[in-house]
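Engineer: Here it is, the structure, as structure tokens.
Protein chains: 2
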Amino acid sequence: MAMATALNHPIDPATVEPRVARSQNAFGALEFPGAARRYGRNEEIFGEGGRADYFYRILTGTVRLYRVLADGRRQIAAFQFEGDVFGVEASDYRHLSAEAVSDCEIVATPRSAMLRHAERNGDFAHRMWARAVTDLAEAHDHMLVLGRQTAAEKVMSFLGDVAGRQGTGTLVKLTMSRQDIADYLGLTIETVSRTLTQLERRGALEVQSARRIELRSNPQRPLDS
Amino acid sequence: MAMATALNHPIDPATVEPRVARSQNAFGALEFPGAARRYGRNEEIFGEGGRADYFYRILTGTVRLYRVLADGRRQIAAFQFEGDVFGVEASDYRHLSAEAVSDCEIVATPRSAMLRHAERNGDFAHRMWARAVTDLAEAHDHMLVLGRQTAAEKVMSFLGDVAGRQGTGTLVKLTMSRQDIADYLGLTIETVSRTLTQLERRGALEVQSARRIELRSNPQRPLDS
DNA sequence: CGTGCGTTTGAGTGAATTCAACGGCTGTGG
DNA sequence: CCACAGCCGTTGAATTCACTCAAACGCACG
Chain A
2 MAMATALNHP IDPATVEPRV ARSQNAFGAL EFPGAARRYG RNEEIFGEGG
52 RADYFYRILT GTVRLYRVLA DGRRQIAAFQ FEGDVFGVEA SDYRHLSAEA
102 VSDCEIVATP RSAMLRHAER NGDFAHRMWA RAVTDLAEAH DHMLVLGRQT
152 AAEKVMSFLG DVAGRQGTGT LVKLTMSRQD IADYLGLTIE TVSRTLTQLE
202 RRGALEVQSA RRIELRSNPQ RPLDS
Chain B
2 MAMATALNHP IDPATVEPRV ARSQNAFGAL EFPGAARRYG RNEEIFGEGG
52 RADYFYRILT GTVRLYRVLA DGRRQIAAFQ FEGDVFGVEA SDYRHLSAEA
102 VSDCEIVATP RSAMLRHAER NGDFAHRMWA RAVTDLAEAH DHMLVLGRQT
152 AAEKVMSFLG DVAGRQGTGT LVKLTMSRQD IADYLGLTIE TVSRTLTQLE
202 RRGALEVQSA RRIELRSNPQ RPLDS
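Chains as they are written, first to last, in this note's numbering: chain A, 2 to 226; chain B, 2 to 226.
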């Protein structure tokens, strides 16, 4: 990795660039009708290459969107949380797969109905477009993380994002496993684990339990110790 | 990197997943009015954080879209070629920067005019949305490359993409420098260079000149030699 | 024919990986 | 309510792929 001075810089969750607020441009329940369905942990919602007949909206739970290589290497493109809309495709086929990370309640609406609604309702069409453009901006953010950050930076960046989404200040409750985090950040499960303990030793955070992490802002020694 | 067996698999440019055809959903000249402006090599078109008052369409040349970290590490999110539309933002501010890779002719149209046009023309609004969703799918593809592929796979993937865009079969004419390629693939310039010579030794391609590469499909020994 | 930038090559280092074993939490059945 | 099983997470040791630092090469341009 391109590294250089990264570990000499303090890694402060507060300096993580603010992400675009999700509530903006979200779709209301009225514009996203349909019965909620439950999905169990690790259940597939749709698979790459399948037909893209529905758009989805999460009522509760966490979803992972990912692609896999032939030999099984997996890249999670994004996690989707409560209120998020996913599975939006322009073509008839899925370019990635979706699975429930935790138990979920999800509403599915036919793509055809959404497109028809957008045709008639210019404001809705605009919000659908804005949502896509915002997702694209987030994807660009994540590319910077994947391509140019170190393991420590990746993990801090991820925790900062999740904290921002949860709005619980510096306390992060993880709904996903270390493997999921690794596949999101382009690391191995061992590196994620090791990096968390190193960050803890450096005082950047506290691993209260595997799925519960408290972020401690800047004051943190370089990497001596 | 997650690697394992990658170099034992042949890396065949023909097996690179077909990308979405760019001609689909493109915007016609009529729908993208404005005078063309020339940009010189490495000239900035817009910068991260600046106001997003225009959408751009390339008549000739190549553009890089990128983000940079405070210490200068750069990630190129995408290259844009002839016919491509870029600089499309939902918010008023740029989330990334754009520069001319080569001399370019580019048309700029006010964002307000585009949005007004989309309001009145449902079909245009739909194509604008479809373009954004397709760009997002391409971003997801690139995340898989950045997060889970080896240097050799990254370089082959990149060359396959460019070949696909140029439609010149197996001959690739690069308009960008090794540094640009490195920053697109999350590698260093030295690794890109070394990887190209290794791939050449393995018979996967021929570096006819620095900016001209001929792809030779599969028949290629593992990595002995 | 020099000059300079972009590219290639070399040597050594290091961050993250692989392979392996151990630890600890959770949830279920006795 | 406790004990056990299984999964998830952590830690250790050795390896490796890509990086850093450094120098040489070569093509384009003046």
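Glycine included, C-beta positions come from ideal geometry on N, C-alpha and C. Fair warning: this is a prediction, and the values are worked out from it, not measured in the lab.
Among A:75, A:154, A:148 and A:53, whose alpha-carbon lies nearest the alpha-carbon of residue 110 of chain A?
Structural biologist: For residue 110 of chain A, the nearest C-alpha among the options comes from A:53.
Engineer: Under 8 angstroms Cβ to Cβ from residue 160 of chain A, same chain only, skipping five residues before and after it: list those, please.
Structural biologist: The residues are 14, 173, 206, 214 and 216.
Engineer: Quick check for students: name the residue ranges of the beta strand (DSSP E) that lie wholly in the region 130-193 of chain B, counting only runs of 3 or more.
Structural biologist: The region 130-193 of chain B contains these whole beta strand (DSSP E) runs: 172-174.
Engineer: Quick check: what's the CA-CA separation for residue 25 of chain B versus residue 40 of chain A?
Structural biologist: Residue placement at residue 25 of chain B is flagged as unreliable, the pLDDT there being 45, under the threshold of 50; a coordinate-derived value is accordingly withheld.
Engineer: Cβ of residue 47 of chain A within 8 angstroms of Cβ of residue 92 of chain A?
Structural biologist: Result no, Cβ atoms of residue 47 of chain A and residue 92 of chain A do not sit closer than 8 angstroms.
Engineer: What residues in the region 86-106 of chain B bring their beta carbon closer than 9 angstroms to a beta carbon of chain A?
Structural biologist: From the region 86-106 of chain B, only 89, 90, 91, 92, 96 and 97 have a Cβ closer than 9 angstroms to chain A.
Engineer: Cβ of residue 118 of chain A less than 8 angstroms from any chain B Cβ?
Structural biologist: Not one chain B Cβ lies under 8 angstroms of residue 118 of chain A.
Engineer: Could you tell me which residues DSSP puts in a beta bridge with residue 81 of chain A?
Structural biologist: Note: residue 81 of chain A sits in a beta bridge opposite A:64.
Engineer: Could you confirm whether any beta carbon from chain A is found closer than 8 angstroms to the beta carbon of residue 135 of chain B?
Structural biologist: Closer than 8 angstroms: yes.
Engineer: I'd like to know whether the C-beta of residue 76 of chain A is nearer than 8 angstroms to at least one C-beta of chain B.
Structural biologist: So yes, residue 76 of chain A belongs to the interface.
Engineer: Of all Cβ atoms in chain B, is any one closer than 8 angstroms to the Cβ of residue 68 of chain A?
Structural biologist: Taking Cβ atoms only, chain B reaches closer than 8 angstroms to residue 68 of chain A, which makes this a yes.
Engineer: Should residue 163 of chain A and residue 175 of chain A be called a contact, given that it needs their Cβ atoms to be closer than 8 angstroms?
Structural biologist: Yes. Within cutoff.
Engineer: If we cut at 8 angstroms on Cβ distances, does residue 149 of chain B have a partner in chain A?
Structural biologist: Judged by the 8 angstroms Cβ criterion, residue 149 of chain B is in contact with chain A.
Engineer: Measuring alpha carbon to alpha carbon, tell me which of A:61, A:49 and A:155 ends up nearest residue 106 of chain A.
Structural biologist: It is A:61 whose Cα lies nearest to the Cα of residue 106 of chain A.
Engineer: What are the residues that DSSP puts in a beta bridge with residue 52 of chain B?
Structural biologist: Answer is B:94, bridged to residue 52 of chain B.
Engineer: Could you tell me if residue 196 of chain B is buried or exposed, where buried requires 16 or more neighbouring beta carbons within 10 angstroms of its beta carbon?
Structural biologist: It counts as buried.
Engineer: What is the rounded straight-line gap between the Cα of residue 139 of chain B and the Cα of residue 67 of chain B?
Structural biologist: Rounded to the nearest angstrom, the two C-alpha atoms are 15 angstroms apart.
Engineer: Starting from residue 38 of chain A and walking both ways along the beta strand (DSSP E), at which residues does that stretch end?
Structural biologist: Here the beta strand (DSSP E) through residue 38 of chain A covers 37-40.
Engineer: Helix, strand or coil for residue 28 of chain B, going by three-state DSSP, please let me know.
Structural biologist: Coil.
Engineer: Using 10 angstroms around the beta-carbon of residue 209 of chain B, count the other beta-carbons present and answer buried if the total reaches 16, otherwise exposed.
Structural biologist: Exposed is the call here.
Engineer: Measuring alpha carbon to alpha carbon, tell me which residue in B:90, B:134 and B:96 is nearest residue 94 of chain A.
Structural biologist: The residue with the shortest Cα to Cα distance from residue 94 of chain A is B:134.
Engineer: Which chain B residues are close to residue 129 of chain A, counting only those with a beta carbon under 7 angstroms from its beta carbon?
Structural biologist: Those within 7 angstroms of residue 129 of chain A in chain B are 130.
Engineer: Of all Cβ atoms in chain B, is any one closer than 8 angstroms to the Cβ of residue 123 of chain A?
Structural biologist: Yes - at least one Cβ of chain B is within 8 angstroms of the one on residue 123 of chain A.
Engineer: Strictly by DSSP, which residues pair up with residue 34 of chain A?
Structural biologist: Bridge partners of residue 34 of chain A: none, in fact.
Engineer: Between residue 63 of chain B and residue 108 of chain B, is the Cβ-Cβ spacing less than 8 angstroms?
Structural biologist: No, the Cβ-Cβ distance between residue 63 of chain B and residue 108 of chain B is not below 8 angstroms.
Engineer: By how many angstroms is the C-alpha of residue 35 of chain A removed from the C-alpha of residue 69 of chain B?
Structural biologist: Going from the Cα of residue 69 of chain B to the Cα of residue 35 of chain A covers about 42 angstroms.
Engineer: Can you give me the Cβ contacts of residue 22 of chain A inside the same chain, cut-off strictly under 7 angstroms, excluding the 5 residues immediately before and after it?
Structural biologist: Residue placement at residue 22 of chain A cannot be trusted, given a pLDDT of 49 that sits under 50; the coordinates are not used to answer.
Engineer: Which residues in chain A have a C-beta closer than 9 angstroms to the C-beta of residue 205 of chain B? List them in chain order.
Structural biologist: Within chain A, no residue comes near residue 205 of chain B; the closest Cβ sits about 17 angstroms away, beyond 9 angstroms.
Engineer: According to DSSP, residue 206 of chain B sits in a beta bridge with which residue or residues?
Structural biologist: Residue 206 of chain B pairs with B:216.
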